[in-house]
Amino acid sequence: MQNEVAELEKNGDQATSSRVSPWAAPLLLSLCVIPFGWSGLIAPLIWIFLRLIESTGGWLRALSFLSVTLLMLVSGLNMLPGSERIQVLPAYSDSSGNLIYASINSGKAVIAIALLAFMLRMKQTFRLTDLPFLLLAILTPVVFGLFLYTPSLKLSGTIAIAAIINLLIVCISEEGFFRWILQRGTEQLLGQWRWLSIPIVATVFVLVHGGWSTDLSAVILLVVASICYALLWSLRQNFWICVMAHWGVNLLHMLLLPYPLPG
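First residue of the sequence shown? That's 14 in my numbering, and the numbers climb one at a time after it.
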C-alpha cells in the first residue's frame, strides 16, 4: 500500500511541480484561520505531516504519523482557544425524542479541509468491485439497528443539511483519523500481524463514540459498525469508500432509527 501511495504521489508531483509551488497548499490552508480562528492554523500543519508520511521513511515517517494523530485529536476535540460549534439551522426535534443538530464542529471542519486538500491529489478512485463491500458495510449495521430498535422515520430540511455536514465534515475527518492515520499506521507497525489493527481500531472507535453507554443495544450497534468500517479498510484500502460507508450508515441512522441512540 505504501508503495502504491508513493507512486501515485510521485506521478502527481511530476505533473504539477513545474506549475505549482509545493508550499501553495499549506499557504492556502492557513487561510482557515479567518473563519475558524486559532484552530485554523492546524490545517496547514496537518497537510505538511500528511505529506511527510508519504514522502519519508524511518523515524521521520513515524514521527509524522504521531504528530498528525495528536493534531487531529487536539482539533477534533476542540481543545484550542476559540474552537466551537457553529449552528447552521435550529435543531430538529420531535415527540419521539429525536434530536438532530445541523451544526459544524469547527475542529473537525479544519481536519476535513486539510484532508480534502491532500487526499484529492492521491487519486484514489471508486471501482465497481468495491460496490458489494460498500453495500455490506452500510447495510449490516443498519439491519442490526432495525432489529435492536423500533424504526423512527423522519425527514426535514434540517436533517438534509445535517446529512450534508455529516458527509463533508464528520465522515471525512473521522475516516481520515481512524482509517488513513490510525488503522494504516497500526497495520504498518504490526507487519505480519496487521490483522490485529481491525479489533484495535474498532475498539478505539467504539470508545470514542460512546462505548461507555448504559444501553446495551447502542453498544452492540457501535461494535458492529466499527468492525464493518475497519474490515472495509483492511479489504479495500480505499479512503473514499470508507467515507461513503460511514456516511451511508449515519444517513440511514438519521432517517430510520432513534437519533441519538439511547443511553
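Yeah, the Cβ is synthetic: ideal placement off N, Cα and C, and Gly gets one too.
Nothing here was measured: the structure is a model prediction, and the numbers come from that model.
By a C-beta neighbour count over all protein chains shown, 10 Å radius and 16 as the cutoff for buried, is residue i buried or exposed?
i: I254; result: buried
i: G89; result: buried
i: S210; result: buried
i: L144; result: exposed
i: F139; result: exposed
i: M267; result: buried
i: S186; result: buried
i: R192; result: buried
i: Q15; result: Since pLDDT at Q15 reaches only 49, below the 50 mark, its modelled position is unreliable, and no value is offered.
i: L235; result: buried
i: P243; result: Per the sequence shown, the amino acid found at residue 243 is Ala instead of Pro. Counting Cβ neighbours within 10 Å, A243 comes out buried, since at least 16 surround it.
i: S96; result: buried
i: W208; result: exposed
i: S34; result: exposed
i: Q196; result: buried
i: M257; result: buried
i: T29; result: Residue placement at T29 cannot be trusted, given a pLDDT of 44 that sits under 50; what the coordinates show is reported in the next sentence. Its Cβ having fewer than 16 others within 10 Å, T29 is exposed.
Distance, Cα to Cα, residue i vs residue j?
i: G276; j: Y162; result: 13 Å
i: Q27; j: L147; result: Bear in mind that a pLDDT of 49 at Q27, under 50, signals an unreliable position, so the number given afterwards is only what the model happens to contain. Using only the alpha carbons, I get a separation of about 32 Å.
i: L265; j: P164; result: 11 Å
i: G50; j: I182; result: 17 Å
i: G53; j: I117; result: 14 Å
i: G70; j: I194; result: 15 Å
i: M85; j: V214; result: 16 Å
i: L102; j: L73; result: 43 Å
i: S119; j: Q100; result: 10 Å
i: W260; j: L76; result: 30 Å
Residue range of the beta strand (DSSP E) that residue i falls in?
i: I117; result: 112 to 118
i: L330; result: There is no way to answer for residue 330, as the model of the chain reaches only from 14 to 276.
I need the boundaries of the alpha helix (DSSP H) containing residue i, first residue and last residue.
i: Q201; result: 197 to 203
i: I55; result: 55 to 68
i: P48; result: 46 to 49
i: G261; result: 252 to 269
i: S77; result: 71 to 89
i: L40; result: 37 to 42
i: W246; result: 229 to 249
i: S210; result: 210 to 221
i: I185; result: 185 to 188
For residue i, write down the residues that DSSP places opposite it in a beta bridge.
i: L180; result: The partner list for L180 (beta bridge, DSSP) is empty, contrary to what the question assumes.
i: R98; result: N118
i: Y105; result: I113
*For the region 50 to 68 and the region 122 to 131, state whether three or more C-beta atom pairs, one from each stretch, are separated by less than 8 Å.*
Contact between the region 50 to 68 and the region 122 to 131 is present, with at least three C-beta pairs closer than 8 Å.
*Stretch-stretch touch, CB-based, cutoff 8 Å, three pairs: the region 158 to 178 with the region 229 to 237*: Between the region 158 to 178 and the region 229 to 237, the count of Cβ pairs shorter than 8 Å is three or higher; the stretches touch.
*asked:* For the pair the region 168 to 175 and the region 238 to 255, tell me if three or more CB-CB distances fall below 8 Å.
replied: They do not touch, by the three-pair rule.
*Determine, using beta-carbon pairs with one atom in the region 36 to 44 and one in the region 107 to 119, whether at least three such pairs fall under 8 Å.*
The answer is no - the region 107 to 119 does not touch the region 36 to 44, with fewer than three Cβ pairs under 8 Å.
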